[in-house]
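Read through the structure below, which is laid out as structure tokens, and then see the notes.
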Amino acid sequence: MQENSVMRIVYTVFLGVLIAVFVGVGINTFYEAPTPPSTDIFTTPNKDETALQEQQTLYNSQYLTYNEAAKSYSRNVSIIVLICAVILVGLSLYYERRSSIIANGVMLGSLFTLLYAITRSMMSEDTKYIFAATTVALGVALFLGYRRFAETKSTTPGKKKK
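Reading the sequence shown from the start, the letters are residues 27 to 188 in the numbering used here.
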């Protein structure tokens, strides 16, 4: 009985997306993001210009603190996601000979996870870190592509197999 190739592709893509979502939701569950400052100070009308300026100054300082914490959070999430992506690449190579569908789904999940890591690194606004994360992602993608798709020559030209 021949398997339906369309269903194999759909399952592989679904597994890849689900793995990337799993990593993102897992990080969000166990590593909480910083909370933005409350805008409640602006809900009550204030006719005193000095008090309004003080509220605005307080909010601005809280927002700057939050923004710095959010950048640090994004960098840390990116590091965690990069580590998860490398582990997923290892899993896809491990399952390569056991089940091609699972291996391809995990490989696709690792690639989606790498994209998520690059996106989070960009949210850190640290250009050196963005470059480092992109370099790691490129290295992982090249290694995975070489390992999974490059043709290897088992014999040298001119020699016959015994």
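Cβ atoms here follow ideal geometry from the backbone N, Cα and C, with glycine treated the same way. Quick caveat: nothing in here was measured; it's all calculated off a predicted structure.
Expressed to the nearest angstrom, what Euclidean distance is found between the alpha-carbon atoms of residue i and residue j?
| i | j | result |
| --- | --- | --- |
| LEU168 | MET149 | 24 Å |
| LEU170 | LEU137 | 10 Å |
| SER98 | VAL49 | 19 Å |
| ALA143 | VAL103 | 8 Å |
| ASP152 | GLN82 | 28 Å |
| ILE156 | TYR172 | 24 Å |
| SER125 | ILE105 | 29 Å |
| ASN93 | ARG174 | 41 Å |
| GLN79 | ALA96 | 25 Å |
| THR76 | THR65 | 18 Å |
| LEU119 | ASN30 | 24 Å |
Suppose the cutoff is 8 Å on Cβ atoms and the five residues either side in sequence are ignored; what does the same chain contact list for residue i look like?
| i | result |
| --- | --- |
| GLY52 | none |
| THR38 | ILE127, ASN130, GLY131 and LEU134 |
| LYS154 | none |
| THR160 | ILE144 and SER147 |
Contact defined as beta carbons within less than 8 Å: I believe residue i pairs with residue j. What is the distance between those atoms, to the nearest angstrom?
| i | j | result |
| --- | --- | --- |
| GLY116 | GLY42 | Rounded, the Cβ-Cβ distance is 16 Å, inconsistent with contact. |
| VAL107 | ARG146 | 6 Å |
| ILE45 | LEU114 | 7 Å |
| TYR89 | PRO63 | 5 Å |
Helix, strand or coil: which one does DSSP assign to residue i?
| i | result |
| --- | --- |
| THR65 | coil |
| ALA176 | coil |
| LYS188 | Here the model assigns LYS188 a pLDDT of 47, short of 50, so the residue's position is not dependable, and the following value carries that caveat. Three-state DSSP puts LYS188 in coil, outside helix and strand. |
| TYR121 | coil |
| ALA111 | helix |
| TYR57 | coil |
| ASN93 | helix |
| ASN30 | coil |
For residue i, collect the residues of the same chain with a Cβ closer than 7 Å to its Cβ; drop the 5 residues on either side in sequence, then sort them by chain order.
| i | result |
| --- | --- |
| TYR121 | ILE128, ALA129 and VAL132 |
| ASN54 | none |
Note down, in chain order, each residue of its chain lying with its Cβ closer than 6 Å to the Cβ of residue i, except the 5 sequence neighbours on either side.
| i | result |
| --- | --- |
| VAL162 | LEU108 |
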